[in-house]
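Structure, as structure tokens:
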Amino acid sequence: MSLAVNPEASRQIRAEGASRALLIMLLLGPCVVFLIVMFAIPVANMIKYSVHPLVDGKIGAALTLQNYAHFFSDDVYRRILLTTLRVALVTTFIAAVLACPTALVMTRAHPVIRQIVSLVIIAPLLVNVVIRTYGWRM
Numbered sequence: 082m083s084l085a086v087n088p089e090a091s092r093q094i095r096a097e098g099a100s101r102a103l104l105i106m107l108l109l110g111p112c113v114v115f116l117i118v119m120f121a122i123p124v125a126n127m128i129k130y131s132v133h134p135l136v137d138g139k140i141g142a143a144l145t146l147q148n149y150a151h152f153f154s155d156d157v158y159r160r161i162l163l164t165t166l167r168v169a170l171v172t173t174f175i176a177a178v179l180a181c182p183t184a185l186v187m188t189r190a191h192p193v194i195r196q197i198v199s200l201v202i203i204a205p206l207l208v209n210v211v212i213r214t215y216g217w218r219m
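Mapping of the sequence shown onto our numbering: residues 82 to 219, in sequence order.
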């Protein structure tokens, strides 16, 4: 028994794959551009500024790690960094512990219960917007 490859079918599969890849690139392109402009460029600028000294309120031309040495040698900055990391880890852990059962309930529950759970989760996020909107109206 031999397996013959149909050249026409192979060409059609390649064409479908190419059009699918083009579609993926067109859909991902704006997201990637947005991330580069709004995240990568500001982070790169911050890193660039962090390795230059501040001279008379202006960024100096020389490259130095003096800012990092000052940051890690000062006890106040070290405590702030450790406190920030601790709060971030505790918050992440609590969010993960609460999110897993909530997601399980939402996937297995009746659609009405699913909508109620979604409302309970999203409502606190909207409170800030509502208060701000009423504040502007007064």
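Ideal Cβ placement from N, Cα and C applies to all residues, glycine included.
Simplified DSSP assignment, three categories, for residue i
| i | result |
| --- | --- |
| L135 | strand |
| A204 | helix |
| T145 | coil |
| A184 | helix |
| D156 | helix |
| A169 | helix |
Whole-angstrom distance between residue j and residue i, CA atom to CA atom
| i | j | result |
| --- | --- | --- |
| I203 | Q196 | 10 Å |
| T165 | L103 | 42 Å |
| T173 | E89 | 53 Å |
| V211 | W217 | 10 Å |
| A222 | M187 | Lying before the first or after the last residue shown, residue 222 is absent from the chain, which here runs from 82 to 219. |
| G141 | L109 | 38 Å |
| I161 | E97 | 54 Å |
| P111 | V118 | 10 Å |
Cut-off 7 Å between Cβ atoms - residues of its own chain near residue i, not counting five sequence neighbours on either side
| i | result |
| --- | --- |
| L170 | none |
Those residues which DSSP pairs with residue i across a bridge
| i | result |
| --- | --- |
| I161 | Its beta-bridge partners do not exist; DSSP assigns none. |
| I59 | Outside the shown range of the chain (82 to 219) lies residue 59, about which nothing can therefore be said. |
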